[in-house]
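Numbers given in our numbering equal positions in the sequence shown, counted from 1, plus 300.
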Amino acid sequence: MDTAAGTKKRVISIQDLGVALYLLFAFVFLIVPMPNTLLDIMLAINMAVAFAILFNSLFVNEVLEMSFYPTILLFTTIFRISLNVSSTKLILSTGDPGNVVRTFGQFVGGNDLIIGTIVYIILIIVQFVVINKGSERVSEVTARFTLDAMPGKQMAIDADLNTGAIDDAEAKRRRDKIQQESSFFGAMDGAVKYVKGDSTAGLLITGINVVGGIAMGILRRGNTFGEALSTYTILTIGDGLVSAIPSLLISLATGILVTKGGKEADFGPDLVKQLFGVPKVMYLAGAVIVFLGVVTPLNVVIFTVVGSLFLVGGRMIQNQLEVQKVETSVAEEEVTAEEIRKPENVVALLSVDPIELEFGYGIIPLADVNQGGDLLDRVVMIRRQIALEMGTVVPIIRLRDNIQLNPNQYIIKIKGVQVADGEILFDHYMAMNPGYVEEEITGIPTVEPSFHLPATWITEGQRERAESMGYTVVDPPSIIATHLTEVIRQHIAELLTRQDTQNLIDNLKESNPSVVEELTPKLLGLGEIQKVLQNLLEEGVSIRDLLTIFETLADYSATTRDTDVLTEYVRQALKRAISARYFEPGETTQVVTLDPKIEQEIMNSVKQTEQGAYLTLDPDRSKAIISATEQEIKKLDDLGRSEIVVTSPIVRIYFKKLTQDYFDELVVVSYNEIENDVELQSIGMISC
């Protein structure tokens with residue numbers, strides 16, 4: 301048995317061995333003299349690798365397919381310099397560096413000292429001044445812009461994830477790709493220096509070889525200056541050319557790769573299409589070439605033939621585009637017809653989004669990132685804010701434009717049904733009087749959609765003055781975001797599904813498996829836990845402290861499975877959070893209490909069934925209690941206080957059910973849900 305079980309072993313593959321040998325040979329060639337035959341083989345391999353790099357950079361769809369390109373540059377540079385050193389040794393020691401170097405000196409260099417020197421200098425100028433300089437600049441700019449664009453790309457991914465355009469796996473893949481692009485272009489910014497340094501080193505090595513060759517020919521071999529200059533310079537030029545050409549290919553590959561940027565495209569077809577894909581351009585270019593051949597002393601045959609080829613090519617492209625247009629139209633009609641025939645399309649229409657925000661075309665700029673809109677970012681923040689406040693995950697909020705709405709109108713839907721709407725002025729701000737501003741500001745009267753407060757639409761120029769006067773000034777995206785947040789808070793209970801409940805249970809089980817295993821499914825089912833959590837959310841109680849909730853349910857569910865009763869037990873366990881929400885520490889809170897006679901009357905009217913408990917109060921008595929409640933909470937409203945009624949624990953849930961349809965903002969708490977250090981002052985009692 302292996303004692304190192306679980307340790308991942310690295311098996312050396314053939315590819316690993318090949319890369320290691322490639323680098324090993326580079327260092328060996330720097331030290332050990334190489335036979336000229338072996339040098340020929342290595343020079344051929346070096347040239348083949350250079351062509352492979354060039355064609356790879358030409359045909360990759362995106363740059364990340366060659367993410368190791370900076371490392372490849374380093375490896376090939378070291379290998380090429382080692383071959384330069386080996387060929388230099390052979391030139392100076394034997395005067396016979398092999399077939400490849402001699403051929404490049406005699407054939408490519410024209411077997412002439414002046415021609416070879418000029419050709420070599422031209423190659424160096426093209427590589428060093430043109431390609432390397434441009435590649436270096438493009439790499440530097442691309443690296444900087446890639447880093448600057450990272451935050452925007454991350455926000456775009458979060459927005460797509462929030463609106464449901466992509467899932468978590470796709471979001472993770474895109475984030476990883478952004479990180480890889482940033483690392484790649486940052487590395488390329490430095491790796492281009494290898495190519496630039498390689499060109500400089502090649503030029504210096506060639507110059508040294510010329511001087512050294514002349515010295516060796518005159519001092520060691522007894523050659524005249526002319527003989528030494530001719531023999532060794534041609535060989536040195538050949539050595540320089542055989543290194544410069546692969547270096548030029550890799551420089552060109554580097555330039556192609558960095559100018560491609562992050563675009564995903566098939567390079568060849570797209571390049572040809574962009575250059576020769578417009579018939580009008582082909583016609584104009586062909587006509588100009590023919591005109592030059594006929595009117596000027598240029599060769600009329602050559603220019604007429606070339607111009608005619610462009611004209612014919614333009615006509616062929618135009619015919620091809622017309623055929624493609626017809627084929628595309630037919631294909632679209634077939635696809636549309638096929639989609640209509642598919643039965644699953646009807647099934648897809650049955651799905652309902654939990655939350656939808658639809659808006660008219662005038663509000664589109666607020667949701668369009670390209671136009672500077674940040675509504676998507678605000679939606680992301682809403683989901684995070686609700687998760688922190690209420691302890692539950694808000695479903696995906698779907699944003700859609702709807703041309704049937706007024707341009708400045710928006711509506712909010714819950715499970716496909718409209719529950720709220722509003723209207724904004726895109727280029728205005730909403731100013732609201734907090735209550736102490738005496739001077740009025742001119743504008744368009746309106747009503748704030750979330751809390752139905754009187755407000756005024758003002759222009760950009762009035763904003764600073766309104767704020768200095770004490771008005772609360774809000775921009776249109778904030779108005780929509782606030783309205784959406786309030787609607788979600790009001791309906792958060794019904795948005796909590798069984799699957800959401802299961803996800804919460806699974807998250808808690810990772811850190812506290814014992815309490816989860818004790819509670820479900822032995823004592824309570826998934827639906828019963830969901831009902832308790834919905835009861836809490838419906839009255840604005842956060843379920844973020846899920847551990848306390850589950851421990852309380854585990855304590856009491858053995859004696860009762862009534863979800864309303866269990867909710868009361870949980871509320872009492874969460875009294876610290878409830879007290880902190882409604883009562884200020886160190887301050888006396890004014891409340892209204894409930895007459896014990898009414899409490900007893902309510903308890904006597906509670907009927908228990910298998911489906912739960914319900915009230916059987918006489919309608920007249922219910923109406924009287926509601927009327928009395930309205931009178932007492934009006935006292936709190938007149939004092940500017942929150943509407944809070946305090947009852948005994950056993951009555952609280954039923955009194956809340958009795959009044960919830962009449963008073964949206966009424967808070968009903970029991971004495972057991974209030975911390976001991978909270979000071980209360982009763983300013984009235986509900987009695988009738």
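Glycine included, every Cβ here is placed at the ideal spot set by N, Cα and C.
Reduced DSSP category for residue i - H, G, I as helix; E, B as strand; rest coil
| i | result |
| --- | --- |
| residue 694 | coil |
| residue 979 | strand |
| residue 724 | coil |
| residue 565 | Only weak support exists for where residue 565 lies, its pLDDT of 49 falling under 50; the value from the coordinates is given anyway. Residue state, collapsed to three classes: coil. |
| residue 671 | helix |
| residue 655 | strand |
| residue 580 | helix |
| residue 960 | coil |
| residue 391 | helix |
| residue 858 | coil |
| residue 479 | helix |
| residue 970 | strand |
| residue 797 | coil |
| residue 699 | strand |
Residue from the options with nearest C-alpha to residue i
| i | options | result |
| --- | --- | --- |
| residue 894 | 929, 807, 797, 905 | 929 |
| residue 710 | 730, 656, 681, 761 | 656 |
| residue 374 | 358, 550, 937 | 550 |
| residue 713 | 823, 685, 791 | 791 |
| residue 504 | 539, 470, 478, 339 | 539 |
| residue 773 | 748, 577, 680, 468 | 748 |
| residue 718 | 888, 705, 627 | 705 |
| residue 940 | 889, 402, 914, 986 | 889 |
| residue 614 | 320, 325, 580, 597 | 580 |
| residue 914 | 838, 750, 951 | 951 |
| residue 720 | 399, 658, 693 | 658 |
| residue 390 | 324, 971, 536, 325 | 536 |
| residue 738 | 546, 766, 821 | 766 |
| residue 687 | 796, 935, 589, 764 | 796 |
| residue 968 | 828, 545, 840, 906 | 840 |
| residue 653 | 756, 698, 900 | 698 |
| residue 799 | 812, 896, 695 | 695 |
| residue 900 | 955, 861, 971 | 955 |
| residue 927 | 336, 946, 963 | 963 |
Residues bridged to residue i (per DSSP)
| i | result |
| --- | --- |
| residue 772 | 732 |
| residue 546 | For residue 546, which the question treats as bridged, DSSP gives no partner whatsoever. |
| residue 985 | 893 |
| residue 915 | 906 |
| residue 718 | 713 |
| residue 754 | 747 |
Beta-carbon contacts of residue i that lie in its chain and below 6 angstroms, excluding the five residues immediately before and after
| i | result |
| --- | --- |
| residue 565 | Per-residue confidence for residue 565 stands at a pLDDT of 49, beneath the threshold of 50, marking its modelled position as unreliable; no derived number is given. |
| residue 348 | none |
| residue 474 | 457 |
| residue 662 | 707, 708, 726 |
| residue 421 | none |
| residue 516 | 392 |
| residue 382 | 326, 329, 330 |
| residue 603 | 589, 592, 593 |
| residue 691 | 842, 843, 844 |
Buried versus exposed call for residue i [16 or more other C-beta atoms within 10 Å across all chains shown]
| i | result |
| --- | --- |
| residue 768 | exposed |
| residue 632 | exposed |
| residue 380 | buried |
| residue 752 | exposed |
| residue 733 | buried |
| residue 425 | exposed |
| residue 660 | buried |
| residue 593 | buried |
| residue 903 | exposed |
| residue 316 | exposed |
| residue 360 | buried |
| residue 546 | buried |
| residue 920 | exposed |
| residue 342 | buried |
Other residues of its chain near residue i: CB distance less than 8 angstroms, five sequence neighbours each side excluded
| i | result |
| --- | --- |
| residue 794 | 714, 715, 834 |
| residue 816 | 805, 808, 809, 850 |
| residue 782 | 750, 774 |
| residue 577 | 617 |
Neighbourhood of residue i by C-beta, 7 angstroms cutoff - its chain only, sequence neighbours within 5 removed
| i | result |
| --- | --- |
| residue 318 | none |
| residue 333 | 389 |
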